[in-house]
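Note that the numbering used here has the sequence shown beginning at 262, numbered continuously upward.
By construction, the Cβ of each residue, glycine as well, lies at the ideal position given by its N, Cα and C atoms.
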Amino acid sequence: MTDINGITDFLTQAGTQFNVFDMGRRIEEIPPASFLAFETGETPWPFALQQQAWLGIMVWTDEQDSPDQSNELVIWFLRFPLDATGKLTSGIREDFVQRLINNKGLPAQDEDNPYGFKPKQEHMACFHAKAAKLLGQPASSYYEHARDYFAGKPGFDQWAFVGFQGIADIVARLDEDNNTELLRKAIIEIPAQPFEALAQCLEHQEIDMQLSQPVISVLHTELDKAACDANFVSLCIRALSCSQNQDLLNEQIQAILNTEVSTHPEVLACISGRCWQTLHHEKTLALYLEALSRCSEGQSFFNLVIVDLINVPGMQQSIFKAVKSSTRSESLSRSIGELFKTFT
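1. Could you tell me the alpha carbon to alpha carbon distance between S299 and S554, rounded to whole angstroms?
2. Residues in the same chain with beta-carbon distance under 7 Å from P307, minus the five sequence neighbours each way, listed in chain order, please.
3. Taking C-beta to C-beta, are T606 and I580 nearer than 8 Å?
4. Among F279, F563, L550, D283, which has the Cα closest to the Cα of H384?
5. What residue does the alpha helix (DSSP H) around N564 start on, and which one ends it?
6. Pull up the distance between the alpha-carbon of N364 and that of F341, whole angstroms please.
7. Look at the alpha carbon of H541 and the alpha carbon of Y549, and state the distance between them as a whole number of angstroms.
8. Going by C-alpha to C-alpha distance, which of R499, V479, I449, S587 sits closest to I468?
9. Skipping 5 residues on each side, what residues in its chain have a beta carbon closer than 7 Å to that of P452?
10. Looking at the unbroken alpha helix (DSSP H) that takes in N314, where does it start and where does it end?
11. Mind reading off the beta-carbon distance from P305 to G347? Whole number of angstroms is fine, and I expect it under 8 Å.
12. Touching or not, the segment 482-491 and the segment 274-281, by the rule of three or more beta carbon pairs under 8 Å?
13. Residues in the same chain with beta-carbon distance under 8 Å from K544, minus the five sequence neighbours each way, listed in chain order, please.
14. Give me, in chain order, the residues of the same chain whose beta-carbon lies closer than 8 Å to that of A412; leave out the 5 immediate sequence neighbours on both sides.
15. Starting from the C-beta of S523, find all residues in its chain whose C-beta is less than 7 Å away, skip the five residues before and the five after it, and write them out in chain order.
16. My output table needs one value for R434: the three-state DSSP class, helix, strand or coil.
17. Within the segment 373-460, note down every full beta strand (DSSP E) run reaching 3 residues or more, in order along the chain.
18. Figure out for me which residue from E457, A407, Q461 has the closest Cα to the Cα of N438.
19. Quickly, what does DSSP pair V281 with across the bridge? List them, please.
20. Excluding the five sequence neighbours on either side, which residues of its own chain have a C-beta within less than 7 Å of the C-beta of N564, listed in chain order?
21. Under 7 Å Cβ to Cβ from N440, same chain only, skipping five residues before and after it: list those, please.
22. Between the alpha carbons of L395 and V566, how many angstroms are there, rounded?
23. Between the Cα of V528 and the Cα atoms of N511, C497, Q507, D508, which residue gives the shortest distance?
24. Count the other CB atoms, across all protein chains shown, that sit within 10 Å of the CB of K391; report buried if there are 16 or more and exposed otherwise.
25. Per DSSP, which one or two residues make a beta bridge with F341?
26. Which residues in the same chain as S401 place their Cβ atom closer than 7 Å to its Cβ, once the five residues preceding and following it in sequence are excluded?
27. May I ask which residues mark the beginning and end of the alpha helix (DSSP H) holding R595?
28. Can you check whether the CB of R535 is closer than 8 Å to the CB of R287?
29. Strictly by DSSP, which residues pair up with I353?
30. Let me confirm a value: I291 is counted as buried when at least 16 other C-beta atoms fall within 10 Å, else exposed. Which label applies?
31. Can you find the residues in the same chain that come closer than 7 Å, C-beta to C-beta, to Q311, ignoring five residues on each side of it along the sequence?
32. DSSP state of I265, grouped into three classes?
33. Let me know the secondary structure DSSP gives S587 once reduced to three states.
34. By how many angstroms is the C-alpha of L510 removed from the C-alpha of Q578?
35. Would I318 be called buried (16 or more neighbouring beta carbons within 10 Å of its own) or exposed?
36. Spatial neighbours of N506 within its chain, please: CB distance less than 7 Å, with the 5 preceding and 5 following residues excluded, ordered by chain position.
This is how it looks when you write it as C-alpha cells:
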C-alpha cells in the first residue's frame, strides 16, 4: 500500500467495498463524500452525540456483488471522540489507521482498541434490517410473522412472540409488500408494548404523511388525558422524528412543549436526541429551554443536555441567541447562570 490517510484510503487500497452509517442519534447511511470530508477533518460530524461520532461500517471484498456465503460481510462499530468543533483530529485518525494496519484490517482483534463499542440490541436489529435491504438480501425469518401480527391475524393482543428483528425488517421495507399501509392501520389498534418496539424502529426510518398521521393521532389522544404518560409521549416523538414533513413535526413538538409533560426528562431527552433539528426554530427552542430549566432532574441535567446540543453542527449559534433573550423566565436565567459557572 501507498501512504494511507484514513479509513477510506485503507479500505479502498485493500480493494473492498464499504458503507458507513451513523449509529448515534439515528441509524442513517452517510454518503461516501461526507464521510471522507469528516475523516480528513474538513467538516464536523453532523450527528455528534456525547461529543463522539458513532459509526457502523459494513465491509466486504467483492468489488462487483453484494456479500454472499463466500464473501462474508464484516461490520465495525466505532466511536471517535470529537474536538470542540465536532471534528475528528488527525491524531485519532492516524492512531486508528495504524491499529488497522497492525491487525491486518481487523480492529476487533485489537483487545486494546479504544474505539470499538457494542450497539444496543434494538440498534443492531435496525442496522441489520437496513443493511439487508441495502445489499438486496432477503428479510429475516421473523419478517412474515411480524407482518401477520400487524395485519391483526392473531389478534393485536398476541404481541409477545413477535420478534423485534421482524418489526425492524418491516420498517426498513416500507416500500415493499404494502407495509406502510399495514402499519398505518395497525398503529391506532396495537397496545403500548408493540407500539414501543415499532417506535424504536421508526425513529431510524424516514416516514411519509400517511404513516405520520396515525402516530400524531395516538399522540394527541395521550396528551388529552388527565394523567398523560410521559413515556408514551416520548415514544411518539421517536416515531415521528424522521417524518418527511418537518414542519408538521415541529408543530407536534411545540404542542408537546406547551403541556405539563414537557418537563419530564424522558420527553426532553427524546426531543434533543431525536428531534434536535426542530430546535433550529426560534420559538421551539425557546419553549424547549424553558421546559428544560423546570425539569425535576435539576441543573446537572440542564447542563448535560445543553453541552450535548452545542456540539451538534449549527446548534451553537441558535442556543447562544436564545439564552440571551430578554424575555426568558427567571427559572431559565438561573439555569443559564449556573451553566456558565461551570465554564469559569
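According to the structure shown:
1. This sequence places Phe at residue 299; Ser is not what is there. Roughly 34 Å between the two C-alpha positions.
2. Closer than 7 Å at the Cβ level, and outside the excluded window around P307, lie P574.
3. Outside the displayed range of the chain (262 to 605) lies residue 606, so it cannot be described from this structure.
4. Selected option, being the one with the closest Cα: D283.
5. Unbroken alpha helix (DSSP H) run through N564: 560-571.
6. If you take the alpha carbons of N364 and F341, they lie about 18 Å apart.
7. In a straight line, the C-alpha of H541 is about 11 Å away from that of Y549.
8. Comparing alpha carbon positions, the residue from R499, V479, I449, S587 closest to I468 is R499.
9. Closer than 7 Å at Cβ, skipping near neighbours: F417, D418, W420.
10. Checking the sequence shown, residue 314 turns out to be Ala, not Asn. Looking at the DSSP string, A314 is not in any alpha helix (DSSP H); the run it does join, the beta strand (DSSP E), is 313-321.
11. Rounded, the Cβ-Cβ distance is 3 Å, consistent with contact.
12. In this structure the segment 482-491 does not lie against the segment 274-281, because fewer than three pairs of beta carbons, one per stretch, are closer than 8 Å.
13. Excluding positions up to five away in sequence, the list reads Q515.
14. Excluding its 5 nearest sequence neighbours in each direction, A412 has C-beta neighbours in its own chain below 8 Å: L443, A447, listed in chain order.
15. Hits under 7 Å: I517, A552.
16. Shown here, R434 sits in coil according to DSSP, grouped into three states, outside any helix or strand.
17. Counting only unbroken stretches of 3 or more residues, no beta strand (DSSP E) element lies wholly within the segment 373-460.
18. Going by the sequence as given, residue 438 is Asp instead of Asn. The closest CA to that of D438, considering only E457, A407, Q461, is found on A407.
19. Beta-bridge pairing links V281 to I291, I318.
20. Cβ neighbours of N564 within its own chain (closer than 7 Å, five residues either side excluded): L600, T603.
21. The residues I431, R434, in chain order, have a CB closer than 7 Å to that of N440 in the same chain once the five nearest residues on each side in sequence are set aside.
22. When only Cα atoms are considered, L395 and V566 end up about 33 Å apart.
23. Nearest option by C-alpha distance: C497.
24. Result: buried.
25. Beta-bridge pairing links F341 to A314.
26. Excluding the 5 residues flanking it on each side, S401 has same chain C-beta neighbours closer than 7 Å at Q426, G427, D430, in chain order.
27. Per DSSP, R595 belongs to the alpha helix (DSSP H) from 591-602.
28. With contacts defined by Cβ atoms closer than 8 Å, R287 and R535 form a contacting pair.
29. DSSP, once it has assigned bridges, lists no residue as partnering I353.
30. Buried, since its Cβ has 16 or more Cβ neighbours within 10 Å.
31. Cβ neighbours of Q311 beyond the five flanking positions: D569.
32. Assigned with DSSP and collapsed to three states, I265 falls in coil, not helix or strand.
33. Correct three-state label for S587: coil.
34. Cα-Cα distance, rounded: 22 Å.
35. I318 is buried by the Cβ-count criterion.
36. In chain order, M470, S473 place their CB closer than 7 Å to the CB of N506, counting only its own chain and leaving out the 5 sequence neighbours on each side.
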